[in-house]
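Below: the structure, in structure tokens.
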Amino acid sequence: MKLDDAALDRIAELARLDFSDPDRRAAVLRDMERVLAFVEQLNTVDTRGVEPLVFMTEEENVLRDDVALPGVSKQDALRNAPVKDSDYFKVPRVVDKG
Amino acid sequence: MRPVRTLREAREAVASGTTVRALTEAALAEARRQQDLNAFLELFDASALEQADRVDASLRTGTAGPLAGLLLSIKDNICYKDHRTGASSRILEGFTSLYSATAVERLLAAGAVIVGRTNCDEFAMGSSNETSAYGPVANPLDPKRVPGGSSGGAAASVAAGIVHAALGSDTGGSIRQPASFTGTVGLKPTYGRVSRYGLIAFASSFDQIGPFGHTVEDVTDVYNAMAGVDPLDSTTSSRPAPPVTLEHTGPLRIAYYRDCVERPGVAPAVREAMTALVERLQRAGHTVEPAELPLPDQQVPTYYIIATAEASSNLARFDGIHYGHRSKAASGVEDTYRLSRSEGFGPEVQRRILLGTFVLSAGYYDAYYAQAQKVRRLIREATLRTLARHDLILLPTCPITAFERGALAADPIAMYLQDIFTVQANLAGTPAISVPLGTDADGMPFGAQLLAAPFGEEVLLRAAAHLPTR
């Protein structure tokens, strides 16, 4: 599997990572190619009729009583926010006025 | 005061009049004396001494918990209320935990003193502690060499004699490989045996919190205090978790991965010591039969596909909005996500997020992610079949001893292959332990690894405690 520039752009967009710098692009393309070649070894295993293993726990339908429990207070929730005021997280403008 | 390396020695010291406060002060001083190791990112002087005083008071009133006297470090991905936690990443610079991990709560309640938080690979992604944003950790046995990873600081904090035990996390070998590299004991419990609540998630179907110590006895005491169901982690098992005691076992049936010992790349000292261990086990009356590591060349690739997929999802929460680093260069919300993440995460974390995003993306999901989940089932079934016929599986923890810093840095695949003997336990969800087995010509230690069936901690720890390592 060879990863081309368009594919890298698409994955970087999905992952919300910035790989516009040419040196970083070249390095990550090289690394990804090596890692993808390495994981190709999985294709040698015959998995016809095998169900994917999705859950590692044997517990099923773990439910609790529907009672309100103390959660995180507003003050605590805002404690680690990089930008905030007394009541809200402050975010950059979402809608561009154009 | 003579050096107190283990919980047993701490209990003896306390019984003969030493206070837990004095032990704590000595540990804090020792951590500072050995600060060049870079094992600790922060020492919790104030809260450690307060807790030590509480433990001393409980000893005076006869209400002390089972871990009174224990000095503990916690890996920087385990939350401790009102203390910094950062997964050794710039993206969590300055983050303060709003709550404590369940494991931390239980250990504090049992009388442990938490001395500080330890350096690790960034988001636990690495096998040498070289991906930390706060610099590498030196191996206390040879500072040129790595302590292993990702729980490198945890292993070093114990090996250096600073604390009696350490909490680490093990996703693909991150407790057992550093234990092997530092001559300590490291336990990865069964998936679901110890709550992951308050552990910063890397790969949720693999991650487990577990202890390091100098002895199986200490590791067992710490495990006993943590194990059991937690309403805050719905993947914890509701099976009872009675405390494990370390009686001798009867004769055991042990499956021995001879192919792992004879495979190229395994250090001669590891090979010889494993062969001698098998002979001693047989002389001691145990049945040791050869078995094979299932799908040896596919285990690490399977692990990397699933673990990076889970990581790409888990690490999506770091968006620069609610907590963590926010880029000052960004304008607009998309830019804020992208630049905050690119500035905050280091290269290895970004590489793994990209791989995980790729294997989950449309057009590649079936070929990579679904195929890996199917191979994982085959590996788990083969492992459980072996463990249905045998009490334990025996293999080396790692093919080699601790390498020098930078030796594998240029080759991600060589680094990933550090996990070749440890990922099976994570892929299959079984418990596994590394115990010191021997040293090579340079005096560097290596471990023997035992696996038991899921929830088989009792036989695992008993066998490890009485393993005829010499």
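So the sequence lines, in the order shown, correspond to chains X and Y.
If you read the first sequence in our numbering, its first letter stands for residue 8, the second for the next number, and so on.
If you read the second sequence in our numbering, its first letter stands for residue -8, the second for the next number, and so on.
Heads up, the beta-carbon is just placed ideally off N, CA and C, and yes, glycines get one too.
Query: DSSP three-state label for residue 91 (chain X), please.; Result: strand
Query: Who are the Cβ neighbours of residue 181 (chain Y) in its own chain at under 7 Å, not counting the five residues just before and after it?; Result: 420, 421, 422, 445, 446, 448
Query: Buried or exposed: which applies to residue 482 (chain Y), given that a residue is buried once 16 or more other Cβ atoms fall within 10 Å of its Cβ?; Result: Since the first and last residues shown for chain Y are -8 and 461, residue 482 (chain Y) lies out of range.
Query: Could you say which of Y:202, Y:168, Y:204 lies nearest to residue 438 (chain Y) if we only look at CA atoms?; Result: Y:168
Query: Counting contacts by CB-CB distance shorter than 9 Å, is residue 83 (chain X) in contact with chain Y?; Result: yes
Query: Using the C-alpha atoms, what's the distance from residue 219 (chain Y) back to residue 333 (chain Y)?; Result: 38 Å
Query: State yes or no: is the C-beta of residue 111 (chain Y) within less than 9 Å of the C-beta of residue 161 (chain Y)?; Result: no
Query: So, is residue 164 (chain Y) buried or exposed, given that buried needs 16 or more other C-beta atoms within 10 angstroms?; Result: buried
Query: Can you list, in chain order, the residues of the region 388 to 405 of chain Y whose Cβ is nearer than 9 Å to any Cβ on chain X?; Result: 402, 403, 404
Query: In its own chain, which residues sit with a C-beta less than 6 Å from the C-beta of residue 64 (chain X), not counting the 5 before and 5 after it?; Result: none
Query: Quick check on residue 202 (chain Y): does DSSP put it in helix, strand or coil?; Result: strand
Query: What residues of chain Y sit near residue 74 (chain X), judged by a beta carbon separation below 7 Å?; Result: Chain Y residues near residue 74 (chain X): none, gap ~12 Å exceeds 7 Å.
Query: Residues in the same chain with beta-carbon distance under 6 Å from residue 72 (chain Y), minus the five sequence neighbours each way, listed in chain order, please.; Result: 88, 90, 91
Query: Below 9 Å between beta carbons is the criterion; list the residues of the region 316 to 336 of chain Y that meet it against any residue of chain X, in chain order.; Result: 316, 317, 321, 322, 323, 324, 325, 326, 327, 328, 329, 330, 331, 332, 333, 334, 336
Query: Counting contacts by CB-CB distance shorter than 9 Å, is residue 14 (chain X) in contact with chain Y?; Result: yes
Query: How would you label residue 402 (chain Y), buried or exposed, when you count the other beta carbons within 10 angstroms and need 16 or more for buried?; Result: exposed
Query: Grab me the residues of residue 44 (chain Y)'s own chain with a C-beta within less than 7 Å of its C-beta, minus the 5 sequence neighbours each way, in chain order.; Result: 12
Query: Return the CA-CA distance between residue 246 (chain Y) and residue 273 (chain Y), expressed in angstroms with no decimal places.; Result: 12 Å
Query: If residue 52 (chain X) and residue 366 (chain Y) are in contact, beta carbons under 8 Å, what's the gap, nearest whole angstrom?; Result: 5 Å
Query: Could you tell me the boundaries of the alpha helix (DSSP H) in which residue 365 (chain Y) lies?; Result: 362 to 380
Query: Find the nearest neighbour of residue 9 (chain Y) within the set Y:327, Y:51, Y:207, judged by alpha-carbon distance.; Result: Y:51
Query: Given that a residue counts as buried once 16 or more other Cβ atoms are within 10 Å of its Cβ, and exposed if not, what is residue 62 (chain X)?; Result: exposed
Query: Relative to the C-alpha of residue 101 (chain X), which residue among Y:32, Y:328, Y:341, Y:241 is closest?; Result: Y:328
Query: Do you know whose CA, among Y:22, Y:284, Y:358, Y:326, lies nearest residue 377 (chain Y)'s CA?; Result: Y:284
Query: Going by C-alpha to C-alpha distance, which of Y:106, Y:17, Y:85 sits closest to residue 316 (chain Y)?; Result: Y:85
Query: Check whether the region 354 to 371 of chain Y and the region 305 to 314 of chain Y touch, using three or more Cβ-Cβ pairs below 8 Å as the test.; Result: no
Query: Would DSSP call residue 81 (chain X) helix, strand or coil?; Result: helix
Query: Note down, in chain order, every chain X residue with its Cβ under 8 Å from the Cβ of residue 364 (chain Y).; Result: 59, 60, 61
Query: Could you please give me the residues that DSSP links to residue 64 (chain Y) through a beta bridge?; Result: Y:107, Y:157
Query: Starting from residue 289 (chain Y), find everything on chain X with Cβ-Cβ shorter than 8 Å and list it in chain order.; Result: 48, 49, 51, 52
Query: For residue 293 (chain Y) and residue 16 (chain X), what's the separation of their Cα atoms in angstroms?; Result: 25 Å
Query: Should residue 127 (chain Y) be flagged as near chain X, meaning a C-beta pair shorter than 9 Å?; Result: no
Query: Less than 9 Å between CB atoms is the rule here; does residue 92 (chain X) satisfy it with respect to chain Y?; Result: no
Query: Is it true that the CB of residue 156 (chain Y) sits closer than 9 Å to the CB of residue 213 (chain Y)?; Result: yes
Query: Using a Cβ cut-off of 8 Å, pull out every chain Y residue sitting near residue 32 (chain X), in sequence order please.; Result: Going along chain Y, no residue has its Cβ under 8 Å from residue 32 (chain X), so there is no contact; the nearest lies around 11 Å.
Query: Whose Cβ in chain Y lies nearer than 9 Å to the Cβ of residue 86 (chain X)?; Result: 87, 89, 314
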